[in-house]
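**Student:** Take any residue in the sequence shown, count from 1 to its spot, add 35: that is its number in my numbering.
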Amino acid sequence: MSACRLRPMPIIVGSPRSGTTLLRLMLDSHPELAIPPETGFLSLGSKFKGREDKLRERFFHALINHPQPLPVWPDFEMDEETFQSALSEVKPFSVSDGYRTFYRLYAARFGKSRWGDKTPLYCLDIDAIRKTLPEARFIHFIRDGRDAALSLRRMWFSPGWEIETQAAYWRRCVLAARRAGAGRADYIEVRYEDLILNTRETLNQICTFIDLDYDDAMLRYYERAPERLKEHKGRSLPDGTVLRSQEQRLCQQKRTTQPLDPACVFGWKTAMSAEEKKRFRLFAGDLLRDLGYDL
36 MSACRLRPMP IIVGSPRSGT TLLRLMLDSH PELAIPPETG FLSLGSKFKG REDKLRERFF
96 HALINHPQPL PVWPDFEMDE ETFQSALSEV KPFSVSDGYR TFYRLYAARF GKSRWGDKTP
156 LYCLDIDAIR KTLPEARFIH FIRDGRDAAL SLRRMWFSPG WEIETQAAYW RRCVLAARRA
216 GAGRADYIEV RYEDLILNTR ETLNQICTFI DLDYDDAMLR YYERAPERLK EHKGRSLPDG
276 TVLRSQEQRL CQQKRTTQPL DPACVFGWKT AMSAEEKKRF RLFAGDLLRD LGYDL
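Below, the structure written as structure tokens:
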């Protein structure tokens, strides 16, 4: 597969709890585009080396077993033998075409001709990914860090971080993506708040960026969301210990099964104490200001 013949591949990145799943479900509702649950394995691209035959085998096993000890492969509902067989037909084999084979097979399950990805922490790997997949188009989805912090706090898997740690983490993710994308034609910034309050205009902007005709089906994402989110399987250790049930994983994305709610925008103004607001500003106020958010 020559990169020059490939259509732009949207990759949604951003700080966790910034609404990336919402955007994924919207774009995935387009009749031409399929976006799987979070992959995580594009960050492995630069680690694959060796002769073609060995490289193909290592690539296959790396993807179906990533990450350890809780591989995400079951989420994709893709038969391992089908994937391995498709990889065997990639000649000469390259890591880039190996990845494209995965996404092509995933999109084909839904009768779609184009594909993308949504893995928030790829915001830390943009430079490496663009070398492996030059057709990648990075959509940096940015949400006010204080709302992202509140969203993380409400989750069952919240790490229990202090507000300073949450601010520093949000700042690190956003700045990493901005540095990698600065001045590049393959990078765009989209605000969560704009998507909620000016939905059609924002989706049109994204579609133009990825060379995709706009379709109103994206506005009805919530009709398909419950079925699409069923891909999110439970997570268990080899000994059977359940770390995350499917119900827990579905619960964390409950809002994406409902129409857009403007109340989700700038909730920090009433939900955060004055002390928390001050502490967040101390660690990330400069970035909030640069992004144009009220302090």
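All C-beta atoms in this analysis are idealised placements derived from N, C-alpha and C, irrespective of residue type, glycine included.
So, using beta-carbon positions, are Ile-70 and Phe-173 closer together than 7 Å?
**Tutor:** Sequence index remark: in the sequence shown, residue 70 carries index 35 (1-based). Sequence index remark: in the sequence shown, residue 173 carries index 138 (1-based). Their beta carbons are not under 7 Å apart, which means Ile-70 does not touch Phe-173 by this criterion.
**Student:** Per DSSP, what kind of secondary structure is Glu-311 in: helix, strand or coil?
**Tutor:** Working through the sequence shown from its first residue, we reach residue 311 at position 276. Here DSSP, grouped into helix, strand and coil, assigns Glu-311 to helix.
**Student:** Just the C-alpha distance for Pro-106 and Asp-160, rounded to the nearest angstrom, thanks.
**Tutor:** As a first step, residue 106 must be located in the sequence shown, where it is residue number 71. As a first step, residue 160 must be located in the sequence shown, where it is residue number 125. Distance between the alpha carbons of Pro-106 and Asp-160: 20 Å.
**Student:** For a quick check, are the C-beta atoms of Thr-136 and Gly-75 less than 7 Å apart?
**Tutor:** Looking up residue 136 in the sequence shown gives position 101. Looking up residue 75 in the sequence shown gives position 40. No, the Cβ-Cβ distance between Thr-136 and Gly-75 is not below 7 Å.
**Student:** Which same chain residues, not among the five before or five after His-65, have their C-beta less than 7 Å away from its C-beta?
**Tutor:** Working through the sequence shown from its first residue, we reach residue 65 at position 30. Cβ within range, chain order: Leu-247, Asp-250, Ala-252, Met-253.
**Student:** Between the Cα of Arg-214 and those of Ser-308, Gly-49, Ala-298, spot the shortest distance and give me the residue it belongs to.
**Tutor:** By 1-based counting over the sequence shown, the position of residue 214 is 179. The shortest C-alpha separation from Arg-214 is found at Gly-49.
**Student:** Looking only at DSSP bridge pairs, what is Lys-153 linked to?
**Tutor:** In the sequence shown, counting from the first residue as 1, residue 153 sits at position 118. DSSP output for Lys-153 lists Ile-47 as bridge partner(s).
**Student:** Does Ser-53 come out as helix, strand or coil in the three-state DSSP assignment?
**Tutor:** As a working note, residue 53 is residue 18 in the sequence shown. Coil.
**Student:** Using the DSSP secondary-structure output, state which residues sit across from Ala-171 in a beta bridge.
**Tutor:** As a first step, residue 171 must be located in the sequence shown, where it is residue number 136. The partner list for Ala-171 (beta bridge, DSSP) reads Met-44.
**Student:** Between which two residues does the beta strand (DSSP E) containing Glu-224 stretch?
**Tutor:** The residue given as residue 224 occupies position 189 in the sequence shown. Glu-224 -> beta strand (DSSP E) spans 222 to 226.
**Student:** Classify Asp-221: buried if its beta carbon has 16 or more other beta carbons within 10 angstroms, exposed otherwise.
**Tutor:** Position 186 of the sequence shown, counted from the start, is the residue given in the question as residue 221. Classification of Asp-221: buried, given that the 10 Å Cβ count is 16 or more.
**Student:** Which whole runs of the alpha helix (DSSP H) in the segment 202 to 272 are 4 residues long or more, in chain order?
**Tutor:** 227 to 232, 234 to 244, 256 to 264
**Student:** According to DSSP, is Phe-176 helix, strand or coil?
**Tutor:** Along the sequence shown, read from residue 1 onward, the residue named residue 176 stands at position 141. It is a strand residue.
**Student:** Any idea what DSSP makes of Val-300, helix, strand or coil?
**Tutor:** Taking the sequence shown and counting its residues from 1, the one referred to as residue 300 is at position 265. In the structure shown, Val-300 sits in coil (DSSP, three-state: anything other than H, G, I, E or B).
**Student:** Is it right to say Arg-219 is buried, meaning 16 or more other beta carbons lie within 10 angstroms of its own, or is it exposed?
**Tutor:** Locating residue 219 in the sequence shown gives position 184, where the first residue counts as 1. Arg-219 is exposed by the Cβ-count criterion.
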